[in-house]
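Residue numbers (the working numbering), protein chains in the order written: chain A, 1 to 251; chain B, 1 to 251.
Number of protein chains: 2
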Amino acid sequence: MALNKQTILAQLLAHRSVRQFKKKPLTTQQVETLVEAAQHASTSTFSQQYSIISVTDPKVLTEIAEITGHSWLLNSGHYFVMVADQFRNFQIAKRNNADPFILHTTDKFLAAVFDAAIATENIMIAAESMGLGATIMGSILNDSNRMIQLLSLPELTFPLLGIAIGYPDDEPELKPRLPQAMMHFNNQYHLTPEMPNLVDYDQLLAEYYQSRSTHRRAETFSHHIISELSRDRRVRSDLLHNIKAQGFLVD
Amino acid sequence: MALNKQTILAQLLAHRSVRQFKKKPLTTQQVETLVEAAQHASTSTFSQQYSIISVTDPKVLTEIAEITGHSWLLNSGHYFVMVADQFRNFQIAKRNNADPFILHTTDKFLAAVFDAAIATENIMIAAESMGLGATIMGSILNDSNRMIQLLSLPELTFPLLGIAIGYPDDEPELKPRLPQAMMHFNNQYHLTPEMPNLVDYDQLLAEYYQSRSTHRRAETFSHHIISELSRDRRVRSDLLHNIKAQGFLVD
Chain A
1 MALNKQTILA QLLAHRSVRQ FKKKPLTTQQ VETLVEAAQH ASTSTFSQQY
51 SIISVTDPKV LTEIAEITGH SWLLNSGHYF VMVADQFRNF QIAKRNNADP
101 FILHTTDKFL AAVFDAAIAT ENIMIAAESM GLGATIMGSI LNDSNRMIQL
151 LSLPELTFPL LGIAIGYPDD EPELKPRLPQ AMMHFNNQYH LTPEMPNLVD
201 YDQLLAEYYQ SRSTHRRAET FSHHIISELS RDRRVRSDLL HNIKAQGFLV
251 D
Chain B
1 MALNKQTILA QLLAHRSVRQ FKKKPLTTQQ VETLVEAAQH ASTSTFSQQY
51 SIISVTDPKV LTEIAEITGH SWLLNSGHYF VMVADQFRNF QIAKRNNADP
101 FILHTTDKFL AAVFDAAIAT ENIMIAAESM GLGATIMGSI LNDSNRMIQL
151 LSLPELTFPL LGIAIGYPDD EPELKPRLPQ AMMHFNNQYH LTPEMPNLVD
201 YDQLLAEYYQ SRSTHRRAET FSHHIISELS RDRRVRSDLL HNIKAQGFLV
251 D
């Protein structure tokens, strides 16, 4: 147990997103192991409300590189798309003449998102334990409609996250996280608007960005958040519409 | 690395939800370690869009037991609530006179849900590596409005998942998961409506439910899903409204 604790905690605390890969594809067995690890994560009401799509077709990968703006994914050893999925359970409902209404609700959409995101993290951890590196990519949502078409996603499914995995070809530094006092509270949420710890954290992150080996820049956490907010509002403005168009979020 | 792989994969594949705990609270240090593990998970655009609330007040725990219908959580050694959080970044926007519009979007709500769910899984894995057991509880959403009041959650935050953690006082059997052919696809989603593997999986799960040491019942996976669908439609029917009332999902 002590060994487990030491090994596993050390890995969790050492996580970095890896975006540069050696040109070496994962084996079928490695991919199956990663999917198996995903499957053993907790799933809401044991309903297993997600699916995984392995994208191996270079044409589709090229399209995903365009959608996400991240052509480095083309060098990954394997690419997964994690999909919220109530379509499978909808088929089970149909076979048994059960009313599928519940599957369309906001509640079941959220449950599917939880399932997919939790399974995503198991893939990350399994991959890192196998000496692989990976990055979770929310940027597939830049064009969710195109992703739905590319992957032939039926009603009651929705693409959520990409995962690019491979043999690491760089060693990014560890990015300092928020002080716990700013994100962990007792019994009640109580972030003071002044956020006295933010100045120190801004400074800490600025030092990280200045001292790291590549992509050095002058940026605090506050700068980073503000630059996120300045994004073009039209990007992903179709998201709510597209989720509803797939049959989710009925009132 | 071989040791890592063996240790970590073995733990991931051995996950069970634990709902019976010895009466022994976690130490402050254990709680901090779990939060630290959560923090080191990937976070969308490094925006750290979630917060964690440790619920230690017995009155609040009793209310959560009522909301979830799971009084066994009162015996856990620690209870976390994972919260989607754009309020902190909203404060950063305000201090810097930046337009916070983006924080209200469906996209940023989803990003916060991803962050919180991914961090949740890191807590689960860290806890298990420390010899603890845990269950993720979506049932706090049975009354999200009451949860918001109980935890004093401000605008642009939303409670998503509870986590009951403690020293295990039972050893649940491992529940068989769907065959990979039913949930892992290549390049395109292609679940055939006939689902030829479902009969075997239904049988496998029925055998599991019949043979396990407690809570034996005659139930296939199909039965299980159908019984989920028969839930009262009014349960959680306020969810979309409550998410919007917290300032999320603007079109």
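Cβ atoms here follow ideal geometry from the backbone N, Cα and C, with glycine treated the same way. Predicted model, so just to flag it, every value in this text is computed and none were measured.
- Task: Decide if B:V83 is buried, meaning its Cβ has at least 16 other Cβ atoms within 10 Å, or exposed.
- Result: buried
- Query: According to DSSP, is A:H224 helix, strand or coil?
  - Reply: helix
- Residues in the stretch 186-198 of chain B having any Cβ partner in chain A nearer than 8 Å: N186, N187, Q188, Y189, H190, L191, P193, M195 and L198
- For A:E173, which residues in chain B fall below 7 Å Cβ to Cβ? Within chain B, no residue comes near A:E173; the closest Cβ sits about 13 Å away, beyond 7 Å.
- Query: Is any beta-carbon of chain A found at less than 7 Å from that of B:S211?
  - Reply: no
- Task: Name, in chain order, the residues that DSSP records as bridge partners for A:V35.
- Result: Answer is none; A:V35 lacks a bridge partner.
- Query: When we look at the beta-carbon of B:T220 and count the other beta-carbons within 10 Å, is it buried (16 or more) or exposed?
  - Reply: buried
- Of all the options B:F87, B:M147 and B:S129, which has the alpha carbon lying nearest to the alpha carbon of B:R16? B:S129
- List, in order along the chain, the chain A residues whose C-beta lies closer than 7 Å to that of B:P30? The residue you asked about is not Pro; residue 30 of chain B is Gln in the sequence shown. The premise fails here: B:Q30 is roughly 11 Å from chain A at the closest Cβ pair, so nothing lies under 7 Å.
- Task: With a threshold of 16 other CB atoms inside 10 Å of the CB of A:V199, please say whether the residue is buried or exposed.
- Result: exposed
- Task: Give the range of the alpha helix (DSSP H) segment to which B:P58 is assigned.
- Result: P58 to T68
- Item | Terminal residues of the beta strand (DSSP E) in which B:Y79 lies | H78 to D85
- Query: Name the DSSP beta bridge partners of B:T105, please?
  - Reply: B:V250
- Item | Whole-angstrom C-beta distance between B:P172 and B:L35, which should lie under 8 Å | The amino acid occupying residue 35 of chain B in the given sequence is Val; Leu does not appear at that position. About 26 Å; that fails the 8 Å criterion.
- Could you check where the alpha helix (DSSP H) with B:S211 kicks off and where it finishes? L198 to S211
- Query: If you drop the 5 nearest sequence neighbours on each side, which residues of the same chain put their C-beta closer than 7 Å to that of A:W72?
  - Reply: R19 and Q20
- Task: Would you decide whether A:K108 is buried or exposed? Buried here means 16 or more other CB atoms lie within 10 Å of its CB.
- Result: buried
- Buried or exposed: which applies to A:P159, given that a residue is buried once 16 or more other Cβ atoms fall within 10 Å of its Cβ? buried
- Given that a residue counts as buried once 16 or more other Cβ atoms are within 10 Å of its Cβ, and exposed if not, what is A:E228? buried
- Message: Can you find the residues in the same chain that come closer than 8 Å, C-beta to C-beta, to A:M1, ignoring five residues on each side of it along the sequence?
- Response: Confidence in A:M1 is poor, its pLDDT being 47 and thus under 50, which makes the residue's placement unreliable; the coordinate value appears in the next sentence. Here the set comprises nothing.
- Message: At a threshold of 6 Å, does B:E155 count as lining the ligand HEM (C-beta to nearest heavy atom)?
- Response: Questions concerning the ligand HEM fall outside what the structure shown contains, since it holds no ligand whatsoever.
- Message: Does the CB of A:V55 have a neighbour CB from chain B at under 7 Å?
- Response: yes
- Item | Where the alpha helix (DSSP H) through B:M147 begins and ends | S144 to L150
- Query: Nearest chain C C-beta to B:Q49 closer than 7 Å, yes or no?
  - Reply: Looking for chain C here will not work: the only protein chains present are A and B.
- Query: Does the Cβ-Cβ distance between B:I165 and B:H78 come in under 7 Å?
  - Reply: yes
- With 9 Å as the C-beta to C-beta threshold (strictly closer), list the residues of the stretch 144-166 of chain B near chain A in chain order. L150, L151, S152, L153, P154, T157, L160 and L161
- Own chain residues within Cβ distance below 8 Å of B:G224, not counting five before or after: Position check: residue 224 of chain B holds His in this sequence, whereas Gly was assumed. Only L205 meet the Cβ criterion.
- Can you pull the chain B residues whose beta carbon is under 7 Å from the beta carbon of A:L249, in chain order? L240
- Neighbourhood of A:R212 by C-beta, 7 Å cutoff - its chain only, sequence neighbours within 5 removed: E173
- Task: Compare the Cα-Cα distances from A:T157 to each of A:S230, A:I125, A:T120 and A:V81 and report the closest residue.
- Result: A:V81
- Message: Based on DSSP bridge pairs, tell me the residues matched to B:M137.
- Response: B:G162
- Who are the near neighbours of A:A218 in its chain, counting only those whose CB is closer than 8 Å to its CB and skipping five residues on each side? A206, Y209 and Q210
- Message: I'd like to check one pair, B:L151 with B:I53: are the Cβ atoms closer than 7 Å?
- Response: yes
- Item | Residues that DSSP places opposite B:H15 in a beta bridge | None; B:H15 has no bridge partner.
- Message: I'd like the list of long-range same chain contacts for B:P24, defined as Cβ closer than 6 Å, with 5 residues on each side in sequence excluded.
- Response: Before going on, a small fix: residue 24 of chain B reads as Lys here, not Pro. Here the set comprises G77 and Y167.
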